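The working numbering applies: residue 109 is where the sequence shown begins, and numbers increase by one. The beta-carbon is built from N, C-alpha and C at its ideal position, and this holds for glycine as well. These figures come from a predicted structure and were not determined experimentally. For reference, the structure discussed in these notes is given below.
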Amino acid sequence: MKTYLAGHRGMVGGAILRRLRARGAEVITRTHAELDLTDQSAVRAFLQAERPDAVILAAAKVGGIHANNTYPADFLYENLMIEANVIHQAHAAGVQHLLFLGSSCIYPRAVAQPMAEDALLTGVLEPTNEPYAIAKIAGIKLCESYNRQFGTDYRSVMPTNLYGPGDNFHPENSHVLPALIRRFHEAAQARAPEVVIWGSGTPMREFLHVDDMAEASLFVLDLPKAEYEANTQPMLSHINVGTGTDISIRDLAGMVAEVTGFAGEIRCDATKPDGTPRKLMDVSRLARLGWRAGIDLRQGLSETYRWYLDNAASLRG
Numbered sequence: 109m110k111t112y113l114a115g116h117r118g119m120v121g122g123a124i125l126r127r128l129r130a131r132g133a134e135v136i137t138r139t140h141a142e143l144d145l146t147d148q149s150a151v152r153a154f155l156q157a158e159r160p161d162a163v164i165l166a167a168a169k170v171g172g173i174h175a176n177n178t179y180p181a182d183f184l185y186e187n188l189m190i191e192a193n194v195i196h197q198a199h200a201a202g203v204q205h206l207l208f209l210g211s212s213c214i215y216p217r218a219v220a221q222p223m224a225e226d227a228l229l230t231g232v233l234e235p236t237n238e239p240y241a242i243a244k245i246a247g248i249k250l251c252e253s254y255n256r257q258f259g260t261d262y263r264s265v266m267p268t269n270l271y272g273p274g275d276n277f278h279p280e281n282s283h284v285l286p287a288l289i290r291r292f293h294e295a296a297q298a299r300a301p302e303v304v305i306w307g308s309g310t311p312m313r314e315f316l317h318v319d320d321m322a323e324a325s326l327f328v329l330d331l332p333k334a335e336y337e338a339n340t341q342p343m344l345s346h347i348n349v350g351t352g353t354d355i356s357i358r359d360l361a362g363m364v365a366e367v368t369g370f371a372g373e374i375r376c377d378a379t380k381p382d383g384t385p386r387k388l389m390d391v392s393r394l395a396r397l398g399w400r401a402g403i404d405l406r407q408g409l410s411e412t413y414r415w416y417l418d419n420a421a422s423l424r425g
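Structure below.
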């Protein structure tokens, strides 16, 4: 089966690419310079020419709280365009199988924990990442709508917070875990007396290693259609992917400090935003289908830190 993987240079896309190649699969990739996914005509020409058997849509504009707050229009526009172009043009090219990768931020800010799939569209979104969440919800609904109208087999998976090799360690525009790894590493190297982390430290977060996410993505894509449909609903078809366990940001910082060798004080800056108080995925749907995460957080952190050290020279900025 020939598969087009959109976003192969990203953290998740890179992990999926490694697994597809290990299988000996035929994979089509294009860099952003080769194919701008916000360009409708370019996406149409590419998919009409290649006509893959399946599409994995892992491409997205992503970032943490600071980036989402600073560039809300960019996050909404670019992600909507990527999704609309790839999903529609995949259908137009006769692609029957597609997997869309979303995000746990699709769920309301005030929602029962752990967050089950049926919590979607039941409340107000977290303001700090609402544009990104709206775009990801639109992606889910595009997949469902094409399935309902045209009989395609387009599926969606919603990962919790991801980390691992290939992450973005930018000091301002990265997610919480890579930002902490970089900050604590630099503090340890400088023998700084303290590290200040954003917010109160009390929010709870769940973290999934990107290799687990890649494995889960292909697991869902490979499910027989009858089994997938028996465990989902036509207008509630997405599947949560996570570990089912969470940790406070303060405790996470302590774990990162241990891994990086930082021995100073950890202080919380409560004047900075916390974001959603808790984000824990209900992963029972995926567990019933037969998949569970396998990489322990401490183990994954150590591996990610080793990757960061091996690539630190190219990540400065």
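Limits of the beta strand (DSSP E) - the one that residue i falls within
i      : result
ASN276 : Where ASN276 is concerned, there is no enclosing beta strand (DSSP E), given that its DSSP letter is neither H nor E.
ARG126 : No beta strand (DSSP E) holds ARG126; the alpha helix (DSSP H) holding it covers 119–130.
VAL391 : Note, VAL391: premise wrong, no beta strand (DSSP E); not H, not E.
THR111 : 110–114
ILE347 : 347–349
ASP377 : 373–377
TYR271 : 269–271
LEU207 : 205–209
Sub-8 Å separation of residue i and residue j beta-carbons
i      : j      : result
GLY362 : ILE374 : yes
MET321 : VAL163 : no
ARG386 : MET312 : yes
LEU209 : LEU165 : yes
SER426 : MET266 : As shown, the chain starts at 109 and ends at 425. That puts residue 426 outside it, with no answer to give.
ARG117 : THR146 : no
ILE173 : GLY383 : yes
ALA181 : PHE292 : no
ILE214 : LYS249 : no
ASN269 : PHE315 : yes
ALA287 : PHE370 : no
ASN177 : THR260 : no
LEU128 : VAL135 : yes
TYR413 : VAL349 : no
TRP399 : PRO273 : no
Exposure label - residue i; buried when at least 16 CB within 10 Å
i      : result
ASP232 : Contrary to the premise, residue 232 reads as Val rather than Asp in this sequence. The residue in question, VAL232, is exposed, as its Cβ has fewer than 16 Cβ neighbours within 10 Å.
ALA421 : exposed
VAL304 : exposed
ASP417 : Note that residue 417 is Leu in the sequence shown, not Asp. Exposed is the call here.
PHE154 : buried
ASP275 : buried
PHE446 : Outside the displayed range of the chain (109 to 425) lies residue 446, so it cannot be described from this structure.
GLN197 : buried
ARG290 : buried
ASN193 : buried
ASP390 : buried
GLU302 : exposed
Start-to-end residues for the alpha helix (DSSP H) that takes in residue i
i      : result
LEU229 : Taken as a continuous stretch (DSSP letters only), LEU229 belongs to no alpha helix (DSSP H), as it is neither H nor E.
LEU426 : Residue 426 lies beyond the residue range present for the chain, which begins at 109 and ends at 425; the question has no answer from this structure.
TYR336 : 333–338
VAL304 : Looking at the DSSP string, VAL304 is not in any alpha helix (DSSP H); the run it does join, the beta strand (DSSP E), is 302–306.
PHE327 : 318–330
LEU360 : 357–368
Integer-rounded CB distance, given that residue j should sit under 8 Å from residue i
i      : j      : result
ALA401 : THR351 : 4 Å
PHE183 : PRO239 : 5 Å
ILE195 : TYR112 : ILE195 to TYR112, Cβ: 12 Å. No contact.
LEU388 : ASP354 : 5 Å
ARG159 : ALA201 : 5 Å
GLU252 : SER345 : 5 Å
HIS317 : TYR254 : The Cβ separation is near 31 Å, so there is no contact.
ARG256 : PRO342 : 6 Å
GLY171 : TYR271 : With 8 Å as the limit, GLY171 and TYR271 do not qualify as a contact, their Cβ atoms being about 14 Å apart.
ALA157 : GLY115 : ALA157 to GLY115, Cβ: 19 Å. No contact.
ILE403 : ASP319 : 6 Å
HIS205 : LEU329 : 7 Å
LEU188 : ALA246 : 6 Å
GLY307 : ALA220 : Between ALA220 and GLY307 the Cβ distance is about 22 Å, and since that is not below 8 Å, they are no contact.
*At which residue ranges does the segment 238–265 contain complete beta strand (DSSP E) runs of 3 or more residues, listed in the order of the chain?*
none
*With a floor of 4 residues, list each alpha helix (DSSP H) that falls wholly inside the segment 133–191, ordered by position along the chain.*
148–158, 173–178
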